[in-house]
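In my numbering, the protein residues as written are 27 to 153. Have a look at the structure below, then the notes.
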C-alpha cells in the first residue's frame with residue numbers, strides 16, 4: 027500500500043509537461059512490441075503482409091488501444107495506416123485469435139507485458 031501511495035504521489039505531483047507526449051509513448055509501445063515479437067523494424071514498417079509481420083502490427087494496435095487508450099484514428103496515424111478501418115480489423119483479429127490460438131495468446135501476452143513495462147519505465151513508475 028505504501029508503494030502505491032508513493033507512486034500516486036509522484037503522479038499527482040508531476041507537472042503535465044514532464045509526462046511524455048503521445049508520439050513518444052506510441053513509439054515506445056511499438057518498439058517494445060517489435061522487440062517482444064522478434065521482428066526487425068525495417069520489416070515491421072515495410073509493406074509485407076505475411077502473418078509473421080501482420081501479427082506484430084495487430085498486437086501493436088491492440089497495445090496502443092489498451093495501454094494508451096488511443097482512438098482508432100490516432101492508432102492508424104501511429105502505425106502509418108491509411109485509415110481507422112485497418113485498426114478495426116487489427117483489433118478484431120486480436121480479439122478473435124487470443125481465445126482460440128494458444129501460440130498467438132502467448133505472443134500477445136509477452137508483447138503486452140513488454141509494452142506495459144516500457145510505458146511504466148518511461149513514465150517513471152515501477153513495472
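Ideal Cβ placement from N, Cα and C applies to all residues, glycine included.
Pairwise C-beta distances place the segment 78-96 in contact with the segment 137-145, as three or more of them are shorter than 8 Å. Counting along the chain, the unbroken alpha helix (DSSP H) around residue 80 starts and ends at 77-94. Annotated three-state conformation of residue 69 is helix, per DSSP.
Of 150, 142 and 149, the smallest CA-CA separation from residue 62 is found for 142.
Residue 63 carries a coil assignment under DSSP once its states are collapsed to helix, strand and coil. Shown here, residue 74 sits in coil according to DSSP, grouped into three states, outside any helix or strand. Under the three-state reduction of DSSP, residue 106 is assigned to coil, being neither helix nor strand. Between the alpha carbons of residue 79 and residue 115 lies a distance of about 15 Å. In the DSSP assignment, residue 132 falls within the alpha helix (DSSP H) that extends over 128-148.
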